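Read the structure below first, then the notes.
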Amino acid sequence: MEGFERDETFLHRAFGPEIFRAEGGRSKDVIPGEFTYHRPASVAEAVAILASHGDEARPLSGGHSLIPMMKLRMAAPEHLVDLGGIADLKGIDEDGGTITIRAMTTQHELIASDLLAGKLPIIRETSLLIADPQIRYVGTLGGNVANGDPGNDMPALMQCLNATYVLTGPDGERDVAARDFYEAAYFTALAPEEILTAVKIPVPPAGHGFAYEKLKRKVGDYATAAAAVVLTKSGGTVATCSIALTNVADTPLFAADASDIVAGSTLDDDTIKLAVAAAEAITEPASDGRGPAEYRTKMAGIMVRRALARASERANG
Amino acid sequence: MNDMTPTREQREAALEGMGCKRKRVEDIRFTQGKGQYVDDLKLPGMVFGDFVRSPYAHAKITKIDATEALKIPGVIAVLTAEDLKGVNLAWMPTLAGDVQMVLADGKVLYQNQEVAFVVAENRYIADDAIQVVEVEYEELPVLTDPFKSMDPDAPVLRPDLEGKTEGAHGPRKHHNHIFTWEVGDKDETAKAFSEADVTIKELISYHRTHPSPLETCQCVASMDKVTGELSVWGTFQAPHVIRTVASLLSTIPEHKIHVIAPDIGGGFGNKVGAYPGYICAIVATIVTGVPVKWVEDRMENLSTTSFARDYHMTAEIAAKNDGTVTGLKVHVLADHGGFDACADPSKWPAGFFNIVTGSYDFPAAHLAVDGVYTNKAPGGVAYRCSFRVTEAAYCIERAMDILAQKLGMDPADLRMKNFVKPEQFPYQSALGWEYDSGDYHTAMQKAMDTLGYRELRAEQKAKQEAFQRGETREIMGIGISFFTEIVGAGPSKNCDILGVAMFDSAEIRVHPTGSVISRMGTKSQGQGHETTWAQIIATEIGIPAADIMVEEGNTDTAPYGLGTYGSRSTPVAGAAIALAARKIRNKAQMIAAHMLEVSEYDLEWDIDGFQVKGNPQARKSMKEIAWAAYHAPPPGMEPGLEAVSYYDPPNMTYPFGAYFCVMDIDVDTGVAKTRRFYALDDCGTRINPMIIEGQVHGGLTEAFAIAMGQEIRYDEMGNVLGASFMDFFLPTAVETPHWETDYTVTPSPHHPIGAKGVGESPNVGGVPAFSNAVNDAFQFLGSTHIQMPHDAWRIWQAAKDLGAHG
């Protein structure tokens, strides 16, 4: 009746509307196919298993995306490599101006971290808006950013913070900026034999303003639209500003133009209007149960507007 | 008497009878994870069935090839319609007088329709096999819009009905037409409209949604080939009816079929009907000789087993300038999907929708309902409401608001003006019902006073002015709903299911030591019958509720009854319980008279026993009487203390209530926040106030979900969208508003204990309160009616269409 062209829910986001027309005349499933379960004790061992099985293997972190996909038989890895037994993949530490969060750190641990609460409070604010406590006890930062699901909240936040992902493969480690990592829904710079092992975040100056604004239908839902803002102020003027958007395109979006418009301004009404328009302009949301594309674009703009206001209020200087 | 002798109050309290906030006895096992649900059942040698389903909404099936599936080790059988034809079960009758495919017979009519039934040693193998059952489809044009069902060139959905101009409910006027149902006086109504000062007309749609019990539909069927006995454990709201239907379909004698409904995790109408899963599991156990389990998953539940609503109601009201209503005209276009599997009493194709005159004294009314087929899943069940009553309540409550708007009257004042007056009861409605009792004005006034209604209207006006001045982006709505329910189906003169009159039953046996086992024809799915039925018995026969065991759901032991749905348990079975208990008390009185050596007429009942009038020291407690009934009954009297009662109610009961919703809406995002929700219910005599409160909380939460976003959507290809809990709105505690509950008590004059039923009132009354709040908020911007569901984007869209975004 509303003339939706396609529905991109959790179930069909990655696979388009034809998901209900899957091969074999089967339109649903809750039982996974057969697979071999591996639980390596080191990153090197995990990488070796991945390298030996190529596309047939998938690393498993919190499993909140992969396991449902397997139950629906949209993903059917023959080898599941559980990273839960690798002690090196846990922990948060600070070195100079960089905070490193290892991949298997859960969202609950992000929320509980005093270091993050002091230096990167936007991570705590965002984590508290992810799903529900049960999921946050198991869901990990690494899994959240590596899976390439545009509905996830952490990817846009990491783009906003200009984080770097550490990818470990058979040939060692390489760094990829969060802003360069995402290619399309579920397609990223991560190679099949690589594991995202850590996230490195430059610590913003003390007194920075921040806000993550997320509009969602209910607890546990993906964002209709969400915006992350980090800014610094100097003498009543915005010195630096970084804006990123969640779930309004098939990748997270770093809103470079909107960020540039705000930087150097006093956040007057005209600037905010221009920034909102610039942010809206880069969105390409799907029409789905959360609303038609036009609505989701407008909500991205409203989230930017509200996040800017809140971040500005919180900033010193 | 010494100090240890309990006072009358203490004796009364010890019973935990009617009116007591007795804790739910069921919860002792449920809260410890010790409930016994169908999926907990594991029989030796049990195998599993699962469906191959259609990816298409409308297609011919040209080939089904199970060769590859049958090669998989552990696959036992793959059943298709051709196999079912051998036992005459490829099709089954529906409760609405239609027939329905059990497995696709040559074509499919909706997405996810059951095409083949795979039986395997475990669920994993069954699903592996499903992947490789090869089905060839030839797509047909898809029809999802009921307004196009009767277009001349609409695709023929049901070739099996070709040439059938007469349906189960009268003539069919188109190949996709099911029935027309007309009630009321057309000419009188037309006259009222021609003489009216003011009229309104609006298309009010109630979207398609779905009951969402936490436990989906499931069963275990087990055929004993030696004895020829079939046992079926299942999620059945009406186990006795399922047994009768199973016997009629299978030709297995009814006494050789054992239908057992164990603990059920919610029903809400979803578990009334018979589904292909049950039939296929039964056929599979007959074929294989081993027990077969079928458990529906969430997507199957939401996309196939019995949706609710999909009613498109055009309402017209005629009124005088002073607000007095003079006529009501309603036409409904009812979308039934591919088969009419509506779960109503058999003679009622649109349920009790003719309660649509609501709480108002309409001198004339006319109703016509047209049922049509579309390429959507079949059903039309009463999702926590008596049959089509929530649709009717929504229709009239929305229409009354629209009339108030047109007249420039306050919607509360308009309702007050038109309520059926207390002295008019029993009240004969223009559409054929006799309302048993009511006191609407008192309830409405209490609600308005408690809420500070006039002050809220003043606040709303100030906010509207602030909005117009650009000082706020938030607006406020006050939603009113004054509903009248019709429950307790039902009197045998109106109500039957496939010919079985809709009575209900109770059997009570008092043991020699004064404890009790009782069994009923109903089946709790969370209503708390084990708690409340015992309370009725406790009050009636003076034995503590704690000493009374309540058992339901086993068709071998329980007396025959029509089950639990449509808020019928208390009005029907509750009456049977009271009457069976009174038979026991009558016999007890004779035994007590014998024991006390007085005439039974010299005795009076006193809480938990009989005493001699004027000499309360001379008394016998029920416990003593029970022992005597087995030990030394009066000469000539049969021993024992046991009674059965079958109750055919003389009328329905008519619970009512006044619900108010105060809502604040963010015009820029469309997000609506419920500030207050006040629910006053009058369900007559209150058996357990705590359980009533729980029922109201649950029903209001469902009403909130339905009004604010819970929807089964289809695209133009007939793909069902959002059939998972990621998209189907099931609110958590975080989204759910705080509920304020209140009550008045107007007992039913014809019910033995004056009770009316309450489980469904909050769903019936809640939906219009929420929708009216949203609509009320936007009235000052020129809006007349905004369709449900009111999820954020649709509210935003409405605001945008009204120019509220600048």
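One line per chain: the protein sequences are A and B, in this order.
Terminal number for the first sequence in this note's numbering: 317, no gaps in between.
Terminal number for the second sequence in this note's numbering: 1123, no gaps in between.
For each residue, glycine too, the CB sits at the ideal point set by N, CA and C.
It should be emphasised that the depicted structure is a prediction, and the values quoted were computed from it without experimental measurement.
Is the distance from the Cβ of residue i to the Cβ of residue j below 9 Å?
i: residue 496 (chain B); j: residue 530 (chain B); result: no
i: residue 86 (chain A); j: residue 116 (chain A); result: no
i: residue 671 (chain B); j: residue 684 (chain B); result: yes
i: residue 666 (chain B); j: residue 686 (chain B); result: yes
i: residue 700 (chain B); j: residue 1080 (chain B); result: yes
i: residue 262 (chain A); j: residue 168 (chain A); result: no
i: residue 1094 (chain B); j: residue 976 (chain B); result: no
i: residue 705 (chain B); j: residue 624 (chain B); result: no
i: residue 1082 (chain B); j: residue 742 (chain B); result: no
i: residue 1132 (chain B); j: residue 855 (chain B); result: Look at the range of chain B in this structure, 318 to 1123, and you will see that residue 1132 (chain B) is not part of it.
i: residue 78 (chain A); j: residue 34 (chain A); result: yes
i: residue 837 (chain B); j: residue 876 (chain B); result: yes
i: residue 711 (chain B); j: residue 1088 (chain B); result: yes
i: residue 928 (chain B); j: residue 937 (chain B); result: yes
i: residue 996 (chain B); j: residue 1057 (chain B); result: yes
i: residue 303 (chain A); j: residue 173 (chain A); result: no
i: residue 1008 (chain B); j: residue 341 (chain B); result: yes
Counting only beta-carbon atoms, is residue i nearer than 9 Å to chain B?
i: residue 318 (chain A); result: As shown, chain A starts at 1 and ends at 317. That puts residue 318 (chain A) outside it, with no answer to give.
i: residue 302 (chain A); result: yes
i: residue 222 (chain A); result: yes
i: residue 150 (chain A); result: no
i: residue 31 (chain A); result: yes
i: residue 27 (chain A); result: Its pLDDT being 44, under 50, residue 27 (chain A) is placed unreliably in this model, and the coordinates cannot settle the point.
i: residue 299 (chain A); result: yes
i: residue 132 (chain A); result: yes
i: residue 288 (chain A); result: yes
i: residue 96 (chain A); result: no
i: residue 291 (chain A); result: yes
i: residue 125 (chain A); result: no
i: residue 284 (chain A); result: no
i: residue 36 (chain A); result: no
i: residue 137 (chain A); result: no
Does residue i have its Cβ less than 9 Å from a Cβ in chain A?
i: residue 1052 (chain B); result: yes
i: residue 1048 (chain B); result: yes
i: residue 786 (chain B); result: no
i: residue 1114 (chain B); result: yes
i: residue 1111 (chain B); result: yes
i: residue 1038 (chain B); result: yes
i: residue 443 (chain B); result: yes
i: residue 363 (chain B); result: no
i: residue 616 (chain B); result: yes
i: residue 467 (chain B); result: no
i: residue 551 (chain B); result: no
i: residue 582 (chain B); result: no
i: residue 1044 (chain B); result: yes
Let me check understanding here. Comparing Cα to Cα, which of the options lies closest to residue i?
i: residue 776 (chain B); options: B:658, B:553, B:981, B:321; result: B:981
i: residue 808 (chain B); options: B:751, B:781, B:765; result: B:751
i: residue 552 (chain B); options: B:870, B:826, B:992, B:404; result: B:870
i: residue 354 (chain B); options: B:794, B:1043, B:610; result: B:610
i: residue 556 (chain B); options: B:505, B:420, B:784, B:840; result: B:840
i: residue 70 (chain A); options: A:256, A:108, A:30, A:104; result: A:30
- Message: Along the stretch 622-638 of chain B, where does the CB come closer than 7 Å to a CB of chain A? Name the residues.
- Response: none
- Contacting positions in the stretch 1055-1067 of chain B - beta carbon closer than 7 Å to chain A: none
- Whole alpha helix (DSSP H) runs in the stretch 330-408 of chain B with 4 or more residues, listed along the chain? 344-347, 384-388, 398-402
- Can you give, in chain order, each stretch of the beta strand (DSSP E) that sits fully within the stretch 39-116 of chain A and has at least 3 residues? 57-60, 79-82, 92-95, 98-102
- Using a Cβ cut-off of 8 Å, which residues of the stretch 684-706 of chain B contact any Cβ in chain A, in chain order? none
- Closer than 9 Å, Cβ to Cβ, to anything on chain B: give me those residues from the stretch 193-223 of chain A, in chain order. 215, 217, 218, 219, 220, 221, 222
- Message: Can you pull out the residues from the stretch 981-1000 of chain B whose beta carbon lies closer than 7 Å to at least one beta carbon of chain A?
- Response: 985, 986
- Item | Near-chain B residues of the stretch 175-190 of chain A (beta-carbon distance less than 8 Å), N- to C-terminal order | none
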